[in-house]
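Residue numbers (my numbering): 86 to 581. Each residue gets a CB set at the ideal place from its N, CA and C atoms; glycine is no exception.
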Ligand code: BES
Ligand code: MN
Ligand code: ZN
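What follows is the structure, given as structure tokens:
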């Protein structure tokens with residue numbers, strides 16, 4: 086979907102979109118459009134339920150007096166009460182209403198005075214809800230013949246364009262990229278090819294480094310290597326750096342992503358039903374990659390390091406086994422109980438590496454880690470575990486700003502009593518792993534944060550939408566990108 090903002094009034098259009106307030110007034114960007122659309126609306130008035138309530142929509146074919154094939158009227162309710170989330174939702178509503186025949190949209194909605202970014206927010210919603218992934222279709226679906234190809238937004242004073250080009254477009258691109266990465270099946274995306282994909286970040290000024298098995302062995306990343314050893318696809322620990330702060334030596338924010346390009350469960354094999362969804366067990370790494378795209382694209386004035394723990398969990402001949410004892414980079418030994426609890430193994434090494442190497446101001450990891458968090462919070466909230474109240478508060482604020490829901494869950498040393506092993510320093514999972522495995526996993530990970538302000542986001546269940554959502558069609562969500570972007574925004578050097 087190609088979105089452009091233009092200052093000149095549209096003369097003709099395939100589908101022309103204008104707004105209508107709850108009072109029945111057309112809100113369009115020029116007086117002539119407004120008059121013509123108002124005339125069409127008056128003729129309709131008695132024959133439609135459309136009353137201009139927010140997110141109501143009506144499409145009129147061959148509208149009189151307008152140089153457009155179709156006129157689409159979208160209800161704004163009381164436009165002065167709409168915040169950025171509401172404008173995004175309106176854009177999402179429009180994208181959802183398109184049935185595949187609207188390939189080119191011209192947006193001519195007049196935003197209320199005093200809200201110069203409203204149309205950029207609208208475009209964001211349109212882009213995110215209008216997302217689709219059709220790379221693997223050789224024949225287009227009938228109801229998806231063209232989908233939305235071009236969007237032209239009439240923006241007379243150029244204010245929304247600035248917001249779009251300097252900010253929103255990059256965030257949208259980050260979310261879309263994270264979704265695309267998720268959608269790639271495991272025969273197309275494995276650790277090595279994930280790193281290749283991520284090299285696209287270099288064009289935005291991000292540096293990229295990836296450590297393979299030899300270097301991981303030299304670093305002592307025994308937990309990550311153990312998980313990867315059952316697969317013929319080698320692991321990678323990737324490091325993405327964006328140095329946007331005025332002070333290039335300022336301690337960075339570090340984002341760590343679980344990047345299991347496929348999680349079969351390993352020898353503790355998962356049931357066949359639903360296993361295909363585990364191609365998406367790299368959603369944490371995708372979110373970090375997408376966030377780096379957003380931050381570098383909008384030239385965020387902050388130093389950020391993205392760390393991706395990339396591996397494939399397979400039951401190969403050399404697979405790690407329940408009962409194995411492995412040594413983590415931190416030096417603690419772990420008794421493996423269930424090879425399907427691989428995420429905490431990979432993250433243990435990735436977090437320790439991040440903490441020791443970058444001495445971050447704060448660390449946030451994102452991981453599709455446990456079914457338990459889905460049992461607790463369903464598919465709506467991300468679970469947050471934090472060692473630091475200030476960081477937890479910042480994340481809650483970033484959640485409100487970005488619209489990505491999260492809820493703080495408890496870290497508590499008492500959980501550690503269940504992580505004692507007869508033979509090693511740590512047990513990988515609690516003996517009763519059906520009880521609060523999400524909390525035990527978080528407690529396990531907290532050791533490897535090396536006393537840094539750290540938060541862990543268990544995004545299991547949120548990485549994929551099982552139904553259409555206002556800003557996301559059924560499928561990959563790209564969860565985490567907007568949240569991390571909002572968190573980083575709070576740490577940017579204040580503009581002079
Ligand atoms: N990747 C899974 C968790 C998951 C579940 C992600 C659903 C996305 C959607 C994780 O590696 C896993 O298998 N966890 C196990 C741990 C258990 C064996 C202790 C779980 O949650 O059952
Ligand atoms: Mn697993
Ligand atoms: Zn997993």
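Original post:
Straight-line CA distance for residue 417 to residue 510?
Top reply: 6 Å
Original post:
So is the beta-carbon of residue 405 under 7 Å away from any non-hydrogen atom of the ligand BES?
Top reply: no
Original post:
Just the Cα atoms here: how many angstroms apart are residue 220 and residue 263?
Top reply: 15 Å
**OP:** Decide if residue 557 is buried, meaning its Cβ has at least 16 other Cβ atoms within 10 Å, or exposed.
**Re:** Classified as buried, residue 557 has 16 or more neighbouring CB atoms from the shown chains inside 10 Å of its CB.
Original post:
Taking Cβ positions, are residue 162 and residue 139 nearer each other than 8 Å?
Top reply: yes
Original post:
Cβ-heavy atom distance between residue 542 and the ligand BES below 7 Å?
Top reply: no
Original post:
Is the CB-CB distance between residue 452 and residue 428 below 8 Å?
Top reply: yes
Original post:
Helix, strand or coil: how does DSSP classify residue 266 here?
Top reply: helix
Original post:
Is it buried or exposed for residue 191, if we count other Cβ within 10 angstroms and need 16 for buried?
Top reply: Per the 10 Å Cβ criterion, buried.
Subject >> Below 5 Å from a heavy atom of the ligand ZN - residues by beta-carbon >> reply: 345, 348, 366 and 428
Original post:
Whole-angstrom Cβ separation of residue 496 and residue 536, contact assumed at under 8 Å?
Top reply: Actually they are not in contact, since the Cβ atoms of residue 496 and residue 536 sit about 13 Å apart, beyond 8 Å.
Original post:
Using a Cβ-Cβ cut-off of 6 Å (strictly less than) and excluding sequence neighbours within five positions of residue 253, which residues of its own chain qualify?
Top reply: Beyond the five residues adjoining it in sequence on each side, residue 253 comes within less than 6 Å, by CB distance, of 205 and 209 in the same chain, given in chain order.
Subject >> Contact under 8 Å by Cβ, residue 309 with residue 320 >> reply: yes
**OP:** Using DSSP bridges, identify the partner residues of residue 87.
**Re:** 235
**OP:** Tell me whether residue 132 counts as near the ligand MN, meaning its Cβ is closer than 7 Å to at least one heavy atom of that ligand.
**Re:** no
Original post:
Is residue 522 near the ligand MN, judged by its Cβ being under 7 Å from some heavy atom?
Top reply: no
**OP:** Kindly provide the ranges of any beta strand (DSSP E) runs that are 3 or more residues long and lie completely inside the segment 499-552, ordered along the chain.
**Re:** If only uninterrupted beta strand (DSSP E) runs of at least 3 residues are considered, those enclosed by the segment 499-552 are 539-543.
Original post:
What residues match up with residue 295 in a beta bridge as DSSP calls it?
Top reply: Its beta-bridge partners are 323.
**OP:** Identify the continuous alpha helix (DSSP H) that holds residue 582 and give its terminal residues.
**Re:** With the chain covering 86 to 581 only, the question about residue 582 has no answer from this structure.
**OP:** Kindly indicate which residue of 239, 134 and 103 has the alpha-carbon position closest to the one of residue 90.
**Re:** 239
Original post:
What residues in its chain sit with their C-beta under 7 Å from that of residue 234, if we drop five residues either side in the sequence?
Top reply: 86, 87, 188 and 189
**OP:** Give every residue of the same chain whose Cβ lies closer than 6 Å to the Cβ of residue 380, excluding the five residues on either side of it in the sequence, and list them in chain order.
**Re:** 327, 389 and 573
Original post:
Cβ-heavy atom distance between residue 143 and the ligand BES below 7 Å?
Top reply: no
Subject >> Closest Cα partner of residue 146 within the set 158, 135, 331 and 300 >> reply: 158
Original post:
Can you find a heavy atom of the ligand BES that lies under 7 Å from the Cβ of residue 191?
Top reply: no
Original post:
What did DSSP end up calling residue 42 once you bin it into helix, strand or coil?
Top reply: No answer is possible for residue 42: the residues shown for the chain start at 86 and end at 581.
**OP:** Take the Cβ of residue 439 as the centre, count every other Cβ of all protein chains shown within 10 Å, and call the residue buried at 16 or more, exposed below.
**Re:** buried
Original post:
For residue 396, which three-state DSSP category applies?
Top reply: strand
Original post:
Is residue 455 near the ligand BES, going by C-beta to nearest heavy atom under 7 Å?
Top reply: yes
Original post:
Which one or two residues does DSSP pair with residue 348 in a beta bridge?
Top reply: 398
Original post:
For residue 567, which of 480, 184 and 164 has the nearest alpha-carbon?
Top reply: 480
Original post:
Taking one C-beta from the segment 544-551 and one from the segment 460-477 each time, how about it: are there three or more such pairs within less than 8 Å?
Top reply: yes
**OP:** Decide if residue 231 is buried, meaning its Cβ has at least 16 other Cβ atoms within 10 Å, or exposed.
**Re:** exposed
Subject >> Residue ranges of each alpha helix (DSSP H) within the segment 175-220, 4 or longer >> reply: 203-214
Original post:
Between residue 312 and the rest of its own chain, which residues show a CB-CB distance below 7 Å, the 5 nearest in sequence each way excluded?
Top reply: For residue 312, where only same-chain residues beyond five positions count, the Cβ hits under 7 Å are 396, 398, 405, 427, 430 and 431.
**OP:** Determine the DSSP secondary structure at residue 363, reduced to helix, strand or coil.
**Re:** helix
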